[in-house]
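Chains as they are written, first to last, in my numbering: chain A, 3 to 455; chain B, 3 to 455. Single-structure report; data block below.
2 protein chains.
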Amino acid sequence: MPNTNMETHKSARVKSFIKALEQGAPHPPVRLMLNSLHPAEIAHLIESVPLTHREILWELVNSESGGEVLLHVNDEVRASLIEKMETTEIVAATENMDMDDLADFIKDLPTTVSFAVVNSLDKQDRQRLQSVLSYDEDSAGGLMNTDTITVRPDVALEVVQRYLRMQHKKIPANTDKIIVVDQADRYVGLLNITDLITHDPSQSVSEVLVTSQDGIPANLPAAQVAHLFEDRDLLSAPVIDENGKLLGRITIDDVVDVIRDEADHSIMRMAGLDEEDDMFAPVVVSTKRRAVWLGVNLVTALLASLVISFFDTALKAKYQLAILMPIVASMGGIAGSQTLTLAIRGIALGHIGSSNAKSLLVKEITIGALNGVLWALAVGGLSSWWFDPVTGAVIAGAIIINLLIAALSGITIPLALKKLNIDPALAGGVILTTVTDVIGFLAFLGLATIILL
Amino acid sequence: MPNTNMETHKSARVKSFIKALEQGAPHPPVRLMLNSLHPAEIAHLIESVPLTHREILWELVNSESGGEVLLHVNDEVRASLIEKMETTEIVAATENMDMDDLADFIKDLPTTVSFAVVNSLDKQDRQRLQSVLSYDEDSAGGLMNTDTITVRPDVALEVVQRYLRMQHKKIPANTDKIIVVDQADRYVGLLNITDLITHDPSQSVSEVLVTSQDGIPANLPAAQVAHLFEDRDLLSAPVIDENGKLLGRITIDDVVDVIRDEADHSIMRMAGLDEEDDMFAPVVVSTKRRAVWLGVNLVTALLASLVISFFDTALKAKYQLAILMPIVASMGGIAGSQTLTLAIRGIALGHIGSSNAKSLLVKEITIGALNGVLWALAVGGLSSWWFDPVTGAVIAGAIIINLLIAALSGITIPLALKKLNIDPALAGGVILTTVTDVIGFLAFLGLATIILL
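This is the structure:
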């Protein structure tokens, strides 16, 4: 099990910078310290400090690292930093960006600024950018880089070696494979750099190329690209169009970002938050966003109150019903959200689909029934002792009913949302709680009205 | 935003296999279809089918892929598969495993079987396994492979090339760098394979080696190793002991697993589940696990009921209190879990530490106050209309109090748990709900008793 608590190193860094700024340390040494960090680390630092410190730190970042830092901060922080930059500064920051990064970056810029950035590119790069921009950001085409080095299958390995030596500084970082294409630029296979070194230089590329790795279609969703990289331990993979023509390549570092984002997305969405939100966004902005989520959940709570209000006769007659009723709703909510979480994760990982949903539903309902009986006995016994045996019987019956409904809802709600193309992580919890609250109060107070009155 | 719903390809595969098995398809074609998949894909399939199908599929897996498949399934599924294997089969399955994988694998085996596996290794591999096993599974040492290719700084590049050509088939997959060590096996720097190709063969390694990448200490926690790879876009990194001696190297494919596990861990733990649990575990096993979580949460619910019972006079006098009270508890719970989720993620990513906790707390409490006033007005107004203005005033006051407490708890509870070395994702939600339920009922019914009676 991974330990998520061991962030001592990063926290310590944030601490030392905040301390330096608060004690009014002179800027030159802070600048030196700051720019000795990797751009991703500067970005982390900028995300972790409150707004006042953030502006000071951003001004101290060297212009060479500026672009990289902007790529590593989350969307909201990036927007706030860009807002205060001159157009020329922004254009300078884009200078060494990869095409996939530039494509993401340019989408968030004001139109005039994005024109200035496009104008700064040469013709070839403009075409490359156009190619990446024509695909969805969350597809293979949106993830790809266009800086591929390609060779033909009929040349000799020594020719490839000579060619690479000429390219020298232009070989992209993390190149472990060279892509082999035919004369029509169609993807043929891969030449491992290690094979290039270890084989007889007089052999031709076609003799050592690896054809087992298929090209990734440009419209494949990013999540599926990530699973492909994970399952096959890939470092890079060629991206092709519908005719098999090579468009670019995806590298593992971009895939790692997809995996991290995907995970953050589920966690944050389940609480009605967005993974790209700035932790230190202005209070009014954050308040508005949270208010929306509270409003949605208020509807749930009001529905539950409405259900309770139908049973005012029972509540007036037996005050213990008011004392015990939250237990029924709460047990249903907990059991339901366990099943829901399992289902949301299973759907995201491709474990759950129409073929095995029924088996899983049967399993979850059986668990619900067993736990229903177990906790019905426990809570029923307790309530009998606290109040009277009839009240105990009523709550026992309500718990069994609510735990069965919870299991049923925990599987069916996310599957239905998925079919409707609604994110189950975002809406699943709210709908589930509404169901378990309403059914919980209905079952408990309804049974009580029938039996007690 | 990543799309987590697009798992059509994998779901379709699971579906076609289940269909084939249910229609009683003859085993030879199923075996053929199954073994044409990558081991990770076979593992995914085995995790996704119910128990009866699982056994049949596992028997059809070719023995060469068996070991890889076992490495890719989750711990619980692996244990159930191993249970039914002969010792000789298990030993055969371990044959081509990397040392880090073997170290993970061997820990879960019965003692006699693990002895048989160790006996099947040659002396060098036994020492390597010993080295990996001496580190925590969730540290750099536990993640590393020992199959490193090393060179000395004083040799010429052409000598390195010749050496690699001799190694030929033994060069590990995904080798993008060669590690440079001194005569005492201490880590010196890295030689990029691309530099090896593009530079003049007569140059020495020391002229082109890269020294900017530090060795990773063997005891660095896996989560920090992952952040290092993410921040610096690494593909591989050397692992060193406290004296700087090279122990092995970590590759990005193992880091990707750490990132995926870490994310799964947070999601599952927040619902009281474990990421290594088998979705199709026997019903009794799953029921027991879920029962524990329901029991813990029952204590929360009982505490809330106890609080309500203190106010039986008020409840008997005003039945509308019973109708409205779940709203106060629910609004507090929702607001609190938003803050909690933000804090849990921030702690995991190293964004939140002692230095900025105070700024964040101030921000969250301000948001709580603003949303408290907003929703107090809304719910207060509604309750005035539904019942009477005094009831409206009471619920308005209670909502403000509970939203402030929710913000306070959402930050302080996970930070306190982290200090106590308790996983905030596991225990945070339960404790928070207890607080918001108890305070919600206490504030609402308490204010009502003072004002209404």
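The C-beta atom is built at its ideal place from N, Cα and C for all residues, glycine as well. Please read all numbers here as calculations on a predicted model, not as lab measurements.
Output yes if chain A places a C-beta closer than 8 Å to the C-beta of residue i; else output no.
| i | result |
| --- | --- |
| residue 109(B) | no |
| residue 33(B) | no |
| residue 200(B) | yes |
| residue 441(B) | no |
| residue 270(B) | yes |
| residue 80(B) | no |
| residue 266(B) | yes |
| residue 60(B) | no |
Going straight from the alpha carbon of residue i to that of residue j, what length do you get?
| i | j | result |
| --- | --- | --- |
| residue 422(A) | residue 251(B) | 46 Å |
| residue 353(A) | residue 362(A) | 11 Å |
| residue 285(A) | residue 105(B) | 49 Å |
| residue 205(A) | residue 113(B) | 50 Å |
| residue 19(A) | residue 57(A) | 13 Å |
| residue 24(B) | residue 219(A) | 32 Å |
| residue 268(B) | residue 245(A) | 42 Å |
| residue 448(B) | residue 400(A) | 28 Å |
| residue 392(B) | residue 453(B) | 8 Å |
| residue 93(A) | residue 110(A) | 14 Å |
| residue 339(B) | residue 364(B) | 17 Å |
| residue 214(A) | residue 180(A) | 14 Å |
| residue 304(A) | residue 78(B) | 42 Å |
| residue 341(A) | residue 409(A) | 6 Å |
| residue 326(B) | residue 431(B) | 23 Å |
| residue 223(B) | residue 243(B) | 14 Å |
| residue 53(B) | residue 30(B) | 21 Å |
| residue 418(A) | residue 83(B) | 33 Å |
Could you give the first and the last residue of the continuous beta strand (DSSP E) run that contains residue i?
| i | result |
| --- | --- |
| residue 194(A) | 189-194 |
| residue 253(A) | 248-253 |
Establish whether the CB of residue i and some CB of chain B are separated by less than 8 Å.
| i | result |
| --- | --- |
| residue 377(A) | yes |
| residue 325(A) | yes |
| residue 165(A) | no |
| residue 262(A) | yes |
| residue 282(A) | yes |
| residue 237(A) | yes |
| residue 411(A) | no |
| residue 356(A) | yes |
| residue 328(A) | yes |
| residue 12(A) | yes |
| residue 347(A) | yes |
| residue 103(A) | no |
Just verifying my parser: in three-state terms, what is the DSSP assignment at residue i?
| i | result |
| --- | --- |
| residue 262(A) | helix |
| residue 354(B) | coil |
| residue 455(A) | coil |
| residue 147(B) | strand |
| residue 141(A) | strand |
| residue 104(B) | helix |
| residue 219(A) | strand |
| residue 186(A) | coil |
| residue 158(A) | strand |
| residue 213(B) | coil |
| residue 437(A) | helix |
| residue 38(A) | coil |
Which residue comes first and which comes last in the alpha helix (DSSP H) that contains residue i?
| i | result |
| --- | --- |
| residue 125(B) | 125-135 |
| residue 238(B) | Counting along the chain, residue 238(B) falls outside any alpha helix (DSSP H), though it belongs to the beta strand (DSSP E) covering 238-242. |
| residue 179(B) | Not the alpha helix (DSSP H): residue 179(B) falls in the beta strand (DSSP E), residues 179-183. |
| residue 172(B) | Unbroken run through residue 172(B): none, as it is neither H nor E. |
| residue 231(B) | 224-234 |
| residue 320(B) | Unbroken run through residue 320(B): none, as it is neither H nor E. |
Anything in chain E within Cβ reach of residue i, meaning under 8 Å, just list it in chain order.
| i | result |
| --- | --- |
| residue 178(B) | This model lacks chain E altogether; the protein chains it does include are A and B. |
Three-pair Cβ contact test at 8 Å for the region 323-340 of chain B versus the region 411-426 of chain A: no
At least three beta-carbon pairs within less than 8 Å, the region 180-189 of chain A to the region 142-153 of chain A: yes
The region 46-55 of chain B in contact with the region 66-78 of chain B per 3-pair CB rule at 8 Å: yes
Validate contact between the region 371-387 of chain A and the region 434-449 of chain A using beta carbons, cut 8 Å, 3 pairs: no
Three CB pairs or more closer than 8 Å across the region 220-240 of chain B and the region 306-317 of chain A: no
Stretch-stretch touch, CB-based, cutoff 8 Å, three pairs: the region 192-205 of chain A with the region 159-169 of chain A: yes
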